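K.L.:
Here my numbering is used: the first residue of the sequence shown is 1, the next is one more, and so on. Quick reminder that beta carbons are idealized off the backbone N, C-alpha and C, glycines included. From a predicted model like this one, the values you see are computed outputs, not experimental measurements.
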Amino acid sequence: MLDKNGFKKCIPHCLSRNKNSTANQIHPLPSSAHIENGSINSEHFTPPLVIENNIIHYGKEQRNISELINYAEDFNKIDLETNTTNSMDGRSSEEFNVKGFEGFGWITGVLIRCILCIFGATLFLRMSWIAGQSGIVFGFGVILLSCIVVLLTAISMSAIATNGEIKNGGCYYLVSRSLGPEYGGAIGLIFYIANTINASMNCVGLAEALRDILKEYDFYLIDGGINDIRIYAIVVCLILQLIIFIGTEFENKTQLLLMVTIVISIFSHSIGTFLPLSKEQIQKGVTGYSLKTFYDNLYPDYRNDISFISTFGVYFPAMTGIMGGANMSGDLKDPSKSIPKGTMWAIAITTFTYAWAMITTAATAVRDSTGFVAPEFDEFGHFIPPLCRLNNTCPYGLANDMQLMKLQSIWPPLIIVGIFATTLSSASGCLIGAPRVFQALCADKLYPGISYFAKGQGKNNDPFRAYILTWAIASAVILIGDLNVIAEVITNFFLAAFALTNFACFDATSAKSPGFRPGFKYYNSWLSLLGSVLCVTIMFVLSWIISLATFIIFALLFLFIKHNKSHINWGTSTEANRYRKALSGLIKVSRQTAHVKTYRPQLLVLTGNLIARQALVDFSNSITKGTNLLVCGHVIPYHSSVSSTSYVRKLNDHFTDWLHEQRVKGFYCGITHTSLRGGIQSLIQSVGLGKMHPNILLIGYKQRWIEDVKTSYNDFLEYTQIICDAFQSKLSLCILRNENYGLDHSSLLPQDCQDFFTHLPDVTLPTTNTALFCDFTRGIPPKIIRPRAGFSARKGSHFNLSQLGRNFSENMAVNNKTAANMQASNLPNMRYKYLIKEGFVDVWWLYNDGGLILLLAFLLTDGPSFAENCKLRIFTISPKTIDSQIIQKHLKQVLKKFRISYFEIIVIIDEERELFTETIEEYEELLNKINDGENENRIEEQVLKDNEHRTKRIMKQKEWLLEYSFASSFVILTLPLAPEKVITNPLYMLWLEILSNDMPPLLFVRGNGDSVMTYYS
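#1: Who are Trp844's beta bridge partners in DSSP?
#2: Is it a yes or a no for the stretch 305–316 touching the stretch 109–127, going by three-plus beta-carbon pairs under 8 Å?
#3: For Lys958, count neighbouring Cβ atoms within 10 angstroms of its own Cβ and tell me buried if that reaches 16, exposed if not.
#4: Is Ile735 closer than 8 Å to Tyr701 when the C-beta atoms are compared?
#5: Ends of the alpha helix (DSSP H) at Thr273?
#6: Classify Met692 as helix, strand or coil using the three-state DSSP reduction.
#7: My output table needs one value for Thr672: the three-state DSSP class, helix, strand or coil.
#8: Would you please state the rounded distance, in angstroms, between the beta carbons of Ser1011 and Gly850? I believe it to be under 8 Å.
#9: Which class does Gln241 belong to by DSSP, given the choice of helix, strand or coil?
#10: Using the Cα positions of Pro601 and Arg580, report the straight-line distance between them to the nearest angstrom.
#11: Is Thr361 near Leu431, with beta carbons less than 8 Å apart?
#12: How far does the beta strand (DSSP E) with Glu379 in it extend, from its first residue to its last?
#13: Between Lys929 and Gln721, what straight-line distance do the alpha-carbon atoms span, to the nearest angstrom?
#14: My assumption, with CB atoms under 8 Å, is that Val841 sits in contact with Phe966. Please give the rounded CB distance.
#15: Can the beta-carbon of Leu441 be found less than 8 Å from the beta-carbon of Tyr834?
#16: Look at Leu731 and Ile696 and say whether their C-beta atoms are less than 8 Å apart.
#17: Evaluate contact between the stretch 152–170 and the stretch 341–349, counting only Cβ atoms and requiring at least three cross-stretch pairs below 8 Å.
#18: Classify Gly1009 as helix, strand or coil using the three-state DSSP reduction.
#19: Identify the residues that DSSP records as bridge partners of Cys442: which are they?
#20: Helix or strand or just coil, what does DSSP make of Leu404?
#21: To which residues of the same chain is Thr422 closer than 7 Å at the C-beta, ignoring the five residues directly before and after it?
#22: Tell me whether the beta-carbon of Asp401 lies closer than 8 Å to the beta-carbon of Lys562.
#23: My output table needs one value for Cys203: the three-state DSSP class, helix, strand or coil.
#24: State the DSSP-derived secondary structure class of Cys632, mapped to helix, strand or coil.
#25: My assumption, with CB atoms under 8 Å, is that Leu277 sits in contact with Val286. Please give the rounded CB distance.
#26: May I have the straight-line CA-CA distance separating Tyr1015 from Val596, to the nearest angstrom?
#27: My output table needs one value for Glu914: the three-state DSSP class, helix, strand or coil.
#28: Do you know offhand how far Ser584's Cα is from Ser590's?
#29: Is Arg1081 helix, strand or coil when you go by DSSP?
#30: Ends of the alpha helix (DSSP H) at Val314?
#31: Nearest-angstrom Cα distance between Thr351 and Ile322?
#32: Given Ala355, which residues of its chain have a CB within under 7 Å of its CB, disregarding the five upstream and five downstream residues?
#33: Tell me, to the nearest whole angstrom, how far the beta carbon of Phe1051 is from that of Phe308; I am working on the premise that it is less than 8 Å.
#34: Please confirm whether Ile473 and Val204 have their CB atoms less than 8 Å apart.
#35: Start and end of the alpha helix (DSSP H) containing Leu895?
#36: What do you reckon, are the CB atoms on Asn947 and Val907 nearer than 8 Å?
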């Protein structure tokens, strides 16, 4: 229930009583409307609990099965991803689903499609050649190695496919939703290109066979060579694309026809090997089934620079069709069931078929034949090669004749039809699968300018635009005209895609995320890792040049997406691993003993409202730089209770977003408390995990402390007590004064910026007349994006405003003129964003507190920082009894051992002299302001008398500061130390006022006494 300001009203005990029931009911199950972007919207949903007789039940009454089914159906309609396919073409996710089409089953949608994609030109045109080159043993090795690679990949793919609902996109969808958009976007584009080139390869294979057949009848289109192949292949590709344009259902029917044709062709060859031989067959090297032939072809006989890897490179592209079913994941009735079952059966059937084709040819034909005489064997059964074998010019035999299976068939035209069917089926599978992968990739908008191809048409959302693009690319590749060259390129691309698929599965398991629960029982993470390593190894063995080029392309695409991606949350294993590594690192750090060499400044910065004190946040970030802990503490004026938790979480979410937009690498920590000091004490006690807890407290200088002494002494006292709390907590303390401007610049914010902090519910403080409440209700300025290049402002900045409750969705754009005026007016608040061109950072090292002051000075002058161009000057004070040159020499040695670069060391002799009149007048003026009138909290004479010596020393230090550091860019000064009763007295703030008034930005620093720097490496 929301109030008028968009906040949930607090219901006692978080319960609402139903007047018609004795039970305390909270809410029923959420409807699909309450679920946004894959997460439950906390503003509309409370867990479905019922508390009755001190027993918690889920649901007010038992829900029947139909209600649960309806709920599941509603839930499945929701696209659980942000930023992706639920708005591919401006339609809702429900409209995007297929209407009137239930989807393909595992046989027609996956099994047959995978078989047809795997059966290509290799089956009838290259298996006899592989048998002739590698022999039966190594030929089986080629088939077995390919089978292992695709089987491991299929297992990984099945594991991902059974880990929840999957959508259109095939390999791209599986990898991107497992490893993240960077991996998925890079491999998705490579996989799309590989499938497109695979279609080209099969078209070229068909054209090559067609040319050879027509050559036998002396028919030449142009030259009977590569130009004829190009024309035939482009025409075939165009015909296939026109069939696909008709629709996937029609295309699926043609696939069934092609499947029947291929089966007939395979049986035609198998039966033909058992029939009596003709004279032509004998003269061309066919012997029929013979043990002599079998033994002679048992071992390899590589020639013409062919090797085992070469034959693998020719065969493996055929097996890459295992993704054919996954590419159609969006058109399947049950992808989680169909993909594993259909793919595994397809691998088994096709592997057996390829092996059978190789063994039947190797056992029935010799390697070389002239075409004129029958093969001859010696008395020991060894084949006697013809003379043409000496120069490898034999036209026939296993190693030479690509049309051997046609020669052995019952009826040769059946093999020709089989060649046409296998190449057409593989090509059409790629031409229909690749555009759908590309459509899913375009819908995610990972690359600029390609979302045009995400739009689909018809009830199946067919990607016609992507079809046209795919045909154009395939036709361009066809112009190469060489089957072997095309095969070598796509082999590496497919292996890269398989490697990423395997690694995605292994990474998802190693992340140990509870959300990864694959239903495929044969999955093992180490098998996935083996598959990934095997794929990468084979890539580089095949061709290290092409593999290196593939990895370079992948790396460039990866870096492009990583740099330009929007806020995408797909729940990937990369994110799960990041959490696991962070948690593991924290646990390991908590067990290690602290050492001075590993000291890091870890800041708890009391920013309050971050946006009103942006200078304090930016200054802190210049110290931590994203490599040290930075926590921005904020005390929120709520009573500490459970009812305030939702408000704190909202503030945390929006201030975290603000820090990210400002490119500040830190954390926001809000805590509710009715007093500032109590809240800060809670922050000091609770902020951090293990050894990752703050060791430095950084606060802003209280600019209006004199007014508080007179009118609101409790606020002043709280501030000084916080200083004491820091010392008592063994924290180092830093106080930043931003010249005389102060750090609170909420008054400079534009009037049209609405204030969401003023919309406070009834659970806030009973009175709003407190400094804590005033700090909380500062306005919110437009969000100014931190410039990337140095610290120069970006022209034409765009500002956004996010507000709590209903106002969160409102945005305010400020034109360039307003933005320029705002930057000028906000200069004091923005000063630590911009780089100082030149200047000095002066360090007044007056006391040895462990070296913290030197470490902070080093961090501020070491980029990236607003003061990285400044030169470091070290000041110290020496008694007149000690030679200043000795101290200077000693300091040089110390700084050299500390590896601190400096411009100058200045030693000031502390001589007895009278104070300047201006200094005394400044002191008296400040004292009169405090003790003016009837102020009950005036500084007592006894306190002034007891600390007279310290006060004079402070005044003398101010004179030295004006003399040496008045024109410096930044000053770091040792914070004066005093007893608690003095710190809580206005006199202490008087000292700080004297030291910092009318000075450049100044940082007071006081270490806790522990050494933070060491001489040793």
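P.N.:
In short:
#1: Phe875, Leu973
#2: yes
#3: buried
#4: yes
#5: Per DSSP, Thr273 belongs to no alpha helix (DSSP H) and is neither H nor E.
#6: strand
#7: strand
#8: 5 Å
#9: helix
#10: 25 Å
#11: no
#12: Unbroken run through Glu379: none, as it is neither H nor E.
#13: 22 Å
#14: Going by Cβ atoms, the distance from Val841 to Phe966 rounds to 14 Å, so no, they are not a contact pair.
#15: no
#16: yes
#17: yes
#18: coil
#19: Looking at the DSSP assignment, Cys442 forms no beta bridge with any residue, so it has no partner.
#20: helix
#21: Phe119, Gly120, Ala121, Leu123, Phe124, Ile262
#22: no
#23: helix
#24: strand
#25: 6 Å
#26: 10 Å
#27: coil
#28: 10 Å
#29: Because the chain in this structure spans residues 1 to 1017, residue 1081 falls outside the shown range and cannot be described.
#30: 308–319
#31: 11 Å
#32: Phe140, Ile143
#33: Residue 1051 lies beyond the residue range present for the chain, which begins at 1 and ends at 1017; the question has no answer from this structure.
#34: no
#35: 884–897
#36: no
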